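One structure is given here, and the rest of the page talks about it.
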Ligand code: CP
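In the working numbering, the protein residues as written are 0 to 308.
Structure, rendered in structure tokens:
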């Protein structure tokens with residue numbers, strides 16, 4: 000029986016290596032099974048609620064797809080403006096209300112720590128789909144699934160994480176998971192958007208080699224994989240600060256010509272201008288395959304949370 004049964008999914012640091020390996024194994028089984036049939040009805044009669052207080056395309060739709068592929072039902076608020084949040088209902092009251100209808104809640108909210116608050120307010124599992132600039136643990140799981148699939152291993156990899164490392168919840172979660180596999184990490188960002196110091200120091204305490212730089216080419220030349228991220232405009236209180244750093248890093252053909260021939264490029268998406276569309280046809284550009292993997296990994300998580308794998 001899965002150790003994830005009945006658990007909240009809140010933070011990239013909550014998983015053991017054994018749990019990650021189990022999630023990847025179940026996701027891989029689902030990927031194979033879905034090639035044979037359109038659904039694997041393990042969660043008939045179960046209901047997943049999506050509560051998204053911030054925009055989303057991939058996380059929301061892939062969770063909905065995952066639940067429906069597993070035979071379960073999905074409910075959602077539509078938009079915040081169309082719900083009683085617009086009348087001033089608190090997050091906790093919303094969570095307590097939706098808990099009366101659903102068996103699991105997927106929550107995205109602009110405040111760091113909100114997923115933990117929601118989990119403390121209900122007995123049903125809460126899945127953190129992004130809490131402000133905090134964490135995005137299910138993205139980290141689909142990222143590591145993609146890395147293993149694309150590169151064939153998680154061992155001895157050198158990975159560059161590039162862009163807004165200060166505000167990027169995907170990278171905050173991903174490095175926690177990568178730290179279980181002893182990857183060597185380059186953190187590439189403008190000075191003002193460096194990875195939070197507490198994350199970097201925790202990684203180093205765990206024995207992970209971390210190199211911080213503003214030179215994407217230097218890091219890219221050493222890397223097996225580049226994990227590109229968007230500068231998170233919505234997290235800037237002063238837009239003139241955003242203007243100073245926007246467009247800092249761009250992967251285009253000129254860049255690609257100067258790094259390892261088989262380098263893999265990932266991005267949690269959405270992108271703005273940091274990966275030129277001319278790269279999309281490059282075989283190592285794996286970001287749309289990464290999107291698809293989100294369904295298999297979220298199916299695995301849901302099945303394991305309900306004790307069906
Ligand atoms: N990767 C990701 O979280 O995408 P969305 O914001 O579209 O959900």
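All residues carry an ideal CB built from backbone N, CA and C; glycine is no exception.
Note that the coordinates shown come from a computational prediction; the quantities given were computed from them, not determined experimentally.
Identify which residue in 106, 70 and 158 has its Cα closest to the Cα of residue 77.
Residue 77 sits at position 78 when you count from the first residue of the chain shown. For the residues 106, 70 and 158, the minimum Cα distance to residue 77 belongs to 106.
Label residue 124 either buried or exposed according to how many other C-beta atoms from any shown protein chain fall within 10 Å of its C-beta, with 16 as the threshold for buried.
As a position in the chain shown, residue 124 is number 125, starting the count at 1. Buried, because 16 or more other Cβ atoms sit within 10 Å of the Cβ of residue 124.
For the ligand ATP, enumerate in chain order all residues having a CB closer than 5 Å to any of its heavy atoms.
By its list of ligands, the structure shown excludes the ligand ATP, since it contains just the ligand CP.
Less than 8 Å between CB atoms is the rule here; does residue 208 satisfy it with respect to chain C?
Going by chain labels, chain C is absent from the structure shown, which holds only one protein chain.
Take residue 117 and list the residues in its own chain whose beta-carbon comes closer than 6 Å to its own, dropping the five residues that flank it on each side.
Here the question's residue 117 lines up with position 118 in the chain shown. Taken in chain order, the residues that qualify are 94, 106 and 125.
Of the residues 147, 90 and 239, which one's Cα is nearest the Cα of residue 52?
As a position in the chain shown, residue 52 is number 53, starting the count at 1. Among 147, 90 and 239, the Cα nearest to that of residue 52 is on 90.
Could you round the C-beta distance between residue 267 and residue 236 to whole angstroms and report it? I think they count as a contact, below 8 Å.
What you label residue 267 is simply residue 268 of the chain shown in a count that begins at 1. What you label residue 236 is simply residue 237 of the chain shown in a count that begins at 1. Wrong, their Cβ atoms sit about 23 Å apart, outside the cutoff.
Cβ-based burial, residue 276 [other Cβ within 10 Å; buried from 16]
Translated into positions along the chain shown, residue 276 becomes position 277. The residue in question, residue 276, is exposed, as its Cβ has fewer than 16 Cβ neighbours within 10 Å.
Comparing C-alpha positions only, which one of 186, 47, 22 and 269 sits nearest to residue 322?
Nothing can be reported for residue 322, as the shown portion of the chain is limited to 0 through 308.
Output yes or no for whether 8 Å exceeds the beta carbon distance between residue 111 and residue 85.
By 1-based counting over the chain shown, the position of residue 111 is 112. By 1-based counting over the chain shown, the position of residue 85 is 86. Going by C-beta atoms, residue 111 is not nearer than 8 Å to residue 85.
Residues bridged to residue 183 [DSSP beta-bridge criterion]:
Taking the chain shown and counting its residues from 1, one reaches residue 183 at position 184. The partner list for residue 183 (beta bridge, DSSP) reads 157.
Between which two residues does the alpha helix (DSSP H) carrying residue 244 extend?
Working through the chain shown from its first residue, we reach residue 244 at position 245. Counting along the chain, the alpha helix (DSSP H) containing residue 244 begins and ends at 238-244.
Only counting the same chain, and skipping five residues up and downstream in sequence, which positions put a Cβ closer than 6 Å to that of residue 262?
Here residue 262 is taken as the residue at index 263 of the chain shown, counted from 1. Answer for residue 262: 283, listed in chain order.
Helix or strand or just coil, what does DSSP make of residue 211?
The residue you call residue 211 lines up with position 212 of the chain shown. Of the three classes helix, strand and coil, the one that applies to residue 211 here is strand, per DSSP.
Would you call the segment 144-156 and the segment 289-296 touching, i.e. three or more CB-CB distances under 8 Å?
yes
Determine, using beta carbons only, whether residue 216 and residue 188 come nearer to each other than 8 Å.
Locating residue 216 in the chain shown gives position 217, counting from the first residue. Locating residue 188 in the chain shown gives position 189, counting from the first residue. Result no, Cβ atoms of residue 216 and residue 188 do not sit closer than 8 Å.
Starting from residue 92, trace the alpha helix (DSSP H) in both directions and tell me its first and last residue.
Translated into positions along the chain shown, residue 92 becomes position 93. Segment 90-97, the alpha helix (DSSP H) holding residue 92.
Round the Cβ separation of residue 179 and residue 19 to the nearest angstrom and send it over; I've been treating them as touching at under 8 Å.
Reading the chain shown from its first residue, position 180 is the one you call residue 179. Reading the chain shown from its first residue, position 20 is the one you call residue 19. At roughly 6 Å, the Cβ-Cβ gap stays under 8 Å, so residue 179 and residue 19 are in contact.
The alpha helix (DSSP H) that contains residue 171, what's its start and end?
To locate residue 171, count along the chain shown from 1; it is residue 172. First-last of the alpha helix (DSSP H) with residue 171: 168-177.
Roughly how many angstroms separate the alpha carbons of residue 44 and residue 207, rounded to a whole number?
Numbered from its first residue, the chain shown carries residue 44 at position 45. Numbered from its first residue, the chain shown carries residue 207 at position 208. Cα to Cα, residue 44 sits roughly 44 Å from residue 207.
Which of helix, strand or coil does DSSP assign to residue 56?
Counting from one through the chain shown, the residue named residue 56 turns up at place 57. In this structure, residue 56 counts as coil in the three-state DSSP scheme.
What residues are listed by DSSP as bridge partners for residue 108?
If you number the chain shown from 1, residue 108 lands on position 109. Looking at the DSSP assignment, residue 108 forms a beta bridge with 130.
Mind checking whether residue 100 and residue 65 have CB atoms under 8 Å apart?
For the purposes of this step, residue 100 is taken as the residue at position 101 of the chain shown. For the purposes of this step, residue 65 is taken as the residue at position 66 of the chain shown. No, the Cβ-Cβ distance between residue 100 and residue 65 is not below 8 Å.
Exposure of residue 168, with buried meaning 16 or more beta-carbon neighbours within 10 Å:
Here residue 168 refers to the residue found at position 169 of the chain shown. By the 10 Å Cβ count, residue 168 comes out buried.
Run of the alpha helix (DSSP H) containing residue 81, from where it starts to where it stops:
As a working note, residue 81 is residue 82 in the chain shown. Here residue 81 belongs to no alpha helix (DSSP H), and DSSP marks it neither H nor E.
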